[in-house]
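Notes for the one structure printed next.
Number of protein chains: 2
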Amino acid sequence: MSVGRQQPGKRAATQADVARYAGVSGAVVSYVVHNGPRPVSPETAARVREAIRVLGYRPNASAAALRTGSSKLLGLVLPEFDNSIWADLAVAVSDCANARGYDLITASSGGDVTLEQQHIQSLSGRQVEGLLVTCVEMIDPAIDGVADIPTVLLNVFSDAPGVTSIGVDARQGAIDGVEHLLSHGYDTVGLIAHRGIDLREEGWRQVREAPLGPIERDASTRQGGYDAARRMFGSPDRPRSVFVCSDMQAVGCLRALWELGLRVPDDVAIVSFDGTVDSRFTAPPLTAVQQPIATMARIAVDLVLDGPVNGVHHRVVEPTHLVIRESCGC
Amino acid sequence: MSVGRQQPGKRAATQADVARYAGVSGAVVSYVVHNGPRPVSPETAARVREAIRVLGYRPNASAAALRTGSSKLLGLVLPEFDNSIWADLAVAVSDCANARGYDLITASSGGDVTLEQQHIQSLSGRQVEGLLVTCVEMIDPAIDGVADIPTVLLNVFSDAPGVTSIGVDARQGAIDGVEHLLSHGYDTVGLIAHRGIDLREEGWRQVREAPLGPIERDASTRQGGYDAARRMFGSPDRPRSVFVCSDMQAVGCLRALWELGLRVPDDVAIVSFDGTVDSRFTAPPLTAVQQPIATMARIAVDLVLDGPVNGVHHRVVEPTHLVIRESCGC
DNA sequence: CTGAAAGCGCTTACAG
DNA sequence: CTGAAAGCGCTTACAG
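If you're matching them up, the sequences are chains A and B in order. With the working numbering, letter number 266 in the first sequence gets 266, and the count goes up by one each step, no holes. With the working numbering, letter number 255 in the second sequence gets 1255, and the count goes up by one each step, no holes.
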């Protein structure tokens, strides 16, 4: 059984071990591992490859990184993991990174600016070649002090000079979602919002002069959406429809409505924001303003790797896309 | 504005830069950064700290890793990310790692054994000090060849000598879930299972001599659960209750039942396996056999870091815990 | 086509 | 309490 061969304390083979075994110099080992930059005769290359196989040699990435200054590592900092939108982003970024030969270190700040700052410092110490940061706060001082690392802010709308950011037009997305509900003839559109400032909330306010309905703010979690919905729909003057600022909150909202015996979309119509896989499998499936996560991930990775990034104000805004499912009553 | 200070091309400060600025040797810089192992006078230390601050010095982790042989990096390989149970595991492992001063590189194999193998090789090249692997196959040859890295298999039930693994008693968990349904007096208990061999399926079979109900196998995703449920509950001889082998599949199943106009638990009672946060916020919330993910993550991290691990057959089995919610009809 | 050697940025005995 | 120096394992001009 192959796994049985695991033994404790075995020292990893080095380039020098391979060179000795194959009777060549370390340089040649490097040449065959990287297929260059100098040519190697087929016979020698074969001997080296055999030695690599026999000794189980894997080049020490730290040594290579130190020598070349290239760690082949990207860093991703997220507010939290327990939210499909960030989990989706992590997957998408990881895939893009891998496709370009990079590994990804992901760190979650739990919404704590201090922790976020620590992670960024730690990642920069690891000489990551690019840093993707989804800030806890709109513009975050933590990205300061890592000026030597190409950084892009994700899902944040910074107009600061010298900062590159990418995100959707959340205000317009919210407007699209709210107007879709209005187009169904619902007289009121409540809002379940995040805590803190949010362009989605601004979008909702902007659709009409007068408020469209009640607003409840809570955490961007299932529980937050649940609590907000219990408050909003527990009273008799509940709105006829609601725009929810994240899929996570919408999942909690759906659960609250179910408990209250309110049917979706018959009693309450819902449109949510994010369009993660969660929104496709609720009952009923959620009509949602979809963020193009995969596209944003790809652009962000390309940006940090191919720049220009730092010191350049570059602001990529991707459009959202309303996906009609059943929760809106279409 | 602090972020405005980002400039392109700035070279990161090195230990030598700090030493020069503070008028000390590199050794002293190292001593104050690590608070040892040699003492430094308070005045000198203060000067060094000032230099570090001014120059924005962050020690090069690659150089330190190369010198000490300790990368302070852990590796986690998962089948896929788009499943709450793995996302939860990634969070839990990341937290444990961070608490011990380690960063985590997470790689997802997408269920592909070749890709899994590549990731393991890549991670081992990065000199990760521990490797946590959730195998695509029950016992995986890919963990071979990295004998110098402490490795533990997660959520896998290997009796192979020389392999350390940790997971729940899935067979017993399934038995508990199925028996709970039977205790409600339901005459049939269907099974929505994973593809491939699965101890949960064995547990379900083991409860009675005769089959308890129909079985449908599909992917461990929301879509897989949805498809399986459509097949199982689309026919008139549908079971009165069902045990679903993962929360993801249960979410899809709930959606299918909703489409078919079947109420939970009145028409169909459900118990699922995993107990992730998803199971708490479905409508109705799912009674579930809960895996102690945080506990397993902690034990796994402690094992790879404090061993003994490789070459030792050590098999940690954690109990599951049935969490009663509403989908079972209690 | 191949080898000897420098140097990436650290940490840590060793000497003072 | 501090410094000079070796060496971790690579990659890459440079010389042959």
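Ideal placement from N, C-alpha and C gives every residue a C-beta, glycine not left out. Please read all numbers here as calculations on a predicted model, not as lab measurements.
Asked                                                                                                                             : Found
B:GLN1117 in three-state terms, based on DSSP                                                                                     : helix
Cut-off 7 Å between Cβ atoms - residues of its own chain near A:MET248, not counting five sequence neighbours on either side      : ASN83, SER84, SER220, THR221, ARG222 and GLY225
Buried or exposed by the 16-neighbour rule on C-beta atoms within 10 Å, applied to B:PRO1239                                      : buried
Interface residues of chain B facing A:THR114 [CB-CB closer than 9 Å]                                                             : Here the premise fails: no neighbours, minimum Cβ distance about 13 Å.
First through last residue of the alpha helix (DSSP H) which encompasses A:GLY252                                                 : 247-259
Continuous alpha helix (DSSP H) assignments of at least 4 residues falling wholly in the segment 1145-1224 of chain B             : 1170-1183 and 1199-1206
Straight-line gap, A:MET232 to A:SER183 (C-alpha atoms, nearest Å)                                                                : 22 Å
Beta-carbon spacing of A:VAL323, A:ALA288 below 7 Å                                                                               : yes
Cβ-based contacts, 7 Å cut-off: residues of the segment 1043-1068 of chain B near chain A                                         : GLY1056, ARG1058, PRO1059, ASN1060, ALA1061, SER1062, ALA1063, ALA1065 and LEU1066
B:ILE1105 to B:HIS1313 span [Cα, whole Å]                                                                                         : 26 Å
C-beta neighbour in chain B for A:PHE273, strict 7 Å                                                                              : no
Near-chain B residues of the segment 270-299 of chain A (beta-carbon distance less than 9 Å), N- to C-terminal order              : VAL277, ASP278, ARG280, PHE281, THR282, ALA283, PRO284 and PRO285
Within-7 Å CB hit, A:TRP204 to chain B                                                                                            : no
Beta carbon proximity, B:THR1134 to chain A, threshold 7 Å                                                                        : no
Inter-stretch contact (C-beta, 8 Å, three-pair minimum) for the segment 1177-1194 of chain B and the segment 1203-1213 of chain B : yes
Span of the beta strand (DSSP E) around B:ILE1324                                                                                 : No beta strand (DSSP E) holds B:ILE1324; DSSP gives it neither H nor E.
CB of B:GLY1036 within 7 Å of CB of B:PRO1150, strictly                                                                           : no
Distance CB(B:LEU1132)-CB(B:LEU1073) smaller than 7 Å                                                                             : no
Limits of the alpha helix (DSSP H) - the one that B:VAL1018 falls within                                                          : 1015-1022
Rounded straight-line distance, which links the Cα of A:PHE273 to that of A:GLU179                                                : 13 Å
Rounded straight-line distance, which links the Cα of B:ASN1155 to that of B:ASP1267                                              : 33 Å
Chain B contacts from the segment 74-100 of chain A (Cβ-Cβ distance under 7 Å)                                                    : PHE81, ASP82, ALA87, ALA90, VAL91 and SER94
B:LEU1303 versus B:ARG1208, B:SER1030, B:ALA1193 and B:ARG1100, residue with shortest Cα-Cα distance                              : B:ARG1100
Euclidean distance between Cα positions of A:ARG58 and B:VAL1128                                                                  : 12 Å
Beta-carbon separation (whole angstroms), A:VAL309 vs A:VAL152, contact threshold 8 Å                                             : 6 Å
Straight-line Cα distance separating B:LEU1286 from B:ILE1270                                                                     : 7 Å
Against chain B: residues of the segment 226-255 of chain A by CB proximity under 8 Å                                             : TYR226, VAL251, GLY252, LEU254 and ARG255
Residues near A:SER108 by beta carbon distance below 6 Å, same chain, minus five either side                                      : LEU78, GLU80 and PHE81
Beta-carbon contacts of A:GLN15 that lie in its chain and below 6 Å, excluding the five residues immediately before and after     : GLY26 and VAL29
Neighbourhood of B:PRO1236 by C-beta distance below 8 Å, restricted to the same chain and skipping five residues each side        : none
Status (buried if at least 16 other CB within 10 Å, exposed otherwise) for A:HIS119                                               : buried
Integer Cβ distance of A:ALA22 from A:ILE293, believed to fall under 8 Å                                                          : With a Cβ gap of about 46 Å, A:ALA22 and A:ILE293 do not count as contacting.
Continuous alpha helix (DSSP H) stretch holding A:VAL277: start and end                                                           : 277-280
7 Å CB neighbourhood of A:ASP278 in its chain, flanking five on each side removed                                                 : SER84, ASP247 and VAL251
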